[in-house]
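There are 2 protein chains.
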Amino acid sequence: MAAKRQTRAPVFAALGNETRLALVAKLCGGRPCSISQLTRGSKLTRQAITKHLRVLESVGIVRSVRRGRESRFEFDPQPLEGIKQYLDFVSEQWDQALSRLKSFVEE
Amino acid sequence: MAAKRQTRAPVFAALGNETRLALVAKLCGGRPCSISQLTRGSKLTRQAITKHLRVLESVGIVRSVRRGRESRFEFDPQPLEGIKQYLDFVSEQWDQALSRLKSFVEE
DNA sequence: CTAATATGCAACCTGGAGGTTGCTTAAGAT
DNA sequence: ATCTTAAGCAACCTCCAGGTTGCATATTAG
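Line by line, the protein sequences are chains V and W. Residue numbers for the first sequence follow this note's numbering, beginning at 1 and rising by one. Residue numbers for the second sequence follow this note's numbering, beginning at 1001 and rising by one.
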């Protein structure tokens, strides 16, 4: 658990941006998309979108597969499982703290 | 859902840093801590820790209560619920995409 | 073959994140 | 009354995230 902490912050950071959240929302629908496709419907440049995709790719949320002249990006849910576990861990700690407080007050 | 998207990125971003993750891990244990307490056991300056706490506070993960000459920070799990919901939403989309693919292949 | 499309690469700009130091003020401890 | 500890404020520094433009290259379409 403690060993994994160093690897989770980058995943959170990758999600800490509206544009990237929107990309994730689009790609988790299942259909792989090319960079150009992802750029249409965004106010940003293709290069800007590309950079965001590379950030997501660097933490494994997304994977790129070259297909002819276009590179298609597809979603990978695995890194998200990791941070979900972390959030559950935090919630659990908190709940336990609350129970301890409660039993302390009751006695 | 779509309306909330704009408010989740900052929460993810607040967690996208090792130091802040460590602070969260400490505070979710239930015991409120002063800035000085949180600074001991870190290699950073008190002011650096303060800045990180303000970031967490700005998204509601943490709340500060003045207690005499010290300001004690306590954890608040509520914003984390929001991003958990988002992660569940993404997973659900993904699972549905997989089922669609599966039934498409099977027919 | 040529034109159009999709991407890659690199330079560049700007603002803000993350950190430090120095000084001031408030509150406890002696 | 004085010393010490906790915290706030502000200036400053460095580096990188996020974005742009311009040009080069690979693929596909006509």
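Backbone N, C-alpha and C define an ideal beta-carbon position, used for all residues, glycine too.
Asked                                                                                                           : Found
Sequence-distant residues of its chain with Cβ nearer than 6 Å to Ala1002/W (five each side left out)           : Summary for Ala1002/W: the model assigns pLDDT 48, below 50, so the residue's position carries little reliability; its value from the coordinates is reported in the next sentence. Correct list: empty, nothing qualifies.
Rounded C-alpha distance that separates Gly41/V from Val1024/W                                                  : 36 Å
Alpha carbon of Gly16/V to alpha carbon of Val1090/W, nearest angstrom                                          : 15 Å
Under 8 Å between C-beta atoms of Ala97/V and Gly1029/W                                                         : yes
The region 31-41 of chain V contacting the region 62-75 of chain V, beta-carbon criterion three pairs below 8 Å : yes
Run of the alpha helix (DSSP H) containing Val65/V, from where it starts to where it stops                      : Element bounds for Val65/V: not the alpha helix (DSSP H) but the beta strand (DSSP E), Val62 to Arg67.
Proximity to Thr50/V [Cα-Cα], best of Ser103/V, Arg20/V, Gln78/V and Lys26/V                                    : Arg20/V
Chain V residues whose Cβ lies nearer than 8 Å to that of Pro1079/W                                             : In chain order: nothing, as chain V lies at least about 11 Å away.
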